[in-house]
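The sequence shown: position 8 = 21 (the working numbering), numbered continuously.
Ideal placement from N, C-alpha and C gives every residue a C-beta, glycine not left out.
Below: one structure, written as structure tokens.
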Amino acid sequence: MPDYLAHMLQAIERIGRYVADLDEAGFLASEMTQDAVIRNIEIIGEAARNIQTVAPAFAQAHADVPWLVMYTMRNRVSYGYDQVDLEVVWQTVKADLPRLYLQIEALARAGDFEKGVEGYPSTDSPGSK
Numbered sequence: 014m015p016d017y018l019a020h021m022l023q024a025i026e027r028i029g030r031y032v033a034d035l036d037e038a039g040f041l042a043s044e045m046t047q048d049a050v051i052r053n054i055e056i057i058g059e060a061a062r063n064i065q066t067v068a069p070a071f072a073q074a075h076a077d078v079p080w081l082v083m084y085t086m087r088n089r090v091s092y093g094y095d096q097v098d099l100e101v102v103w104q105t106v107k108a109d110l111p112r113l114y115l116q117i118e119a120l121a122r123a124g125d126f127e128k129g130v131e132g133y134p135s136t137d138s139p140g141s142k
């Protein structure tokens, strides 16, 4: 089973490295950085969706983590690629991702996801009906 929490942490770390030396104006001027950040937002959202799919009870048990918000943002930047509001992306990077990192890191450190997959079977797994 892929470690979706680790994928999320890695994506947030990458974004942090990409924007470390930039202010908002620098981000808005750098198409390469925008593309890299948006790609990693897609990874975060897809991993969040995978967690909701593979271990829905785990996601519900950690309802303080914005699983649906992450997936919705992923869809907006993927499917609405021609209408991405880069200022919203920047605000997400600066305001939301540091807090999200702490939440996901705490879950990963506790090993809750791996325990959760066994303890919270998906609705279509054997024995969950």
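CB contact check: residue i to chain C, cutoff 8 Å
{"i": "residue 20", "result": "The structure shown contains no chain C; it is built from a single protein chain."}
With 16 other Cβ atoms within 10 Å as the buried cut-off, status of residue i
{"i": "residue 104", "result": "exposed"}
{"i": "residue 113", "result": "buried"}
{"i": "residue 87", "result": "buried"}
{"i": "residue 22", "result": "buried"}
{"i": "residue 115", "result": "exposed"}
Pairwise C-alpha distance: residue j and residue i
{"i": "residue 85", "j": "residue 58", "result": "7 Å"}
{"i": "residue 32", "j": "residue 71", "result": "32 Å"}
{"i": "residue 16", "j": "residue 64", "result": "9 Å"}
{"i": "residue 46", "j": "residue 100", "result": "13 Å"}
{"i": "residue 41", "j": "residue 77", "result": "31 Å"}
Extent of the continuous alpha helix (DSSP H) to which residue i belongs
{"i": "residue 97", "result": "Where residue 97 is concerned, there is no enclosing alpha helix (DSSP H), given that its DSSP letter is neither H nor E."}
{"i": "residue 91", "result": "80-92"}
Close beta carbons around residue i, own chain, < 7 Å, minus the five adjacent residues each side
{"i": "residue 19", "result": "121"}
{"i": "residue 8", "result": "Given that the chain is displayed from residue 14 to residue 142, the structure contains no residue 8 and the question cannot be resolved."}
Cβ-based neighbour list, residue i, same chain, cut-off 6 Å, excluding 5 preceding and 5 following
{"i": "residue 51", "result": "90"}
8 Å CB neighbourhood of residue i in its chain, flanking five on each side removed
{"i": "residue 80", "result": "61, 62, 64, 65 and 72"}
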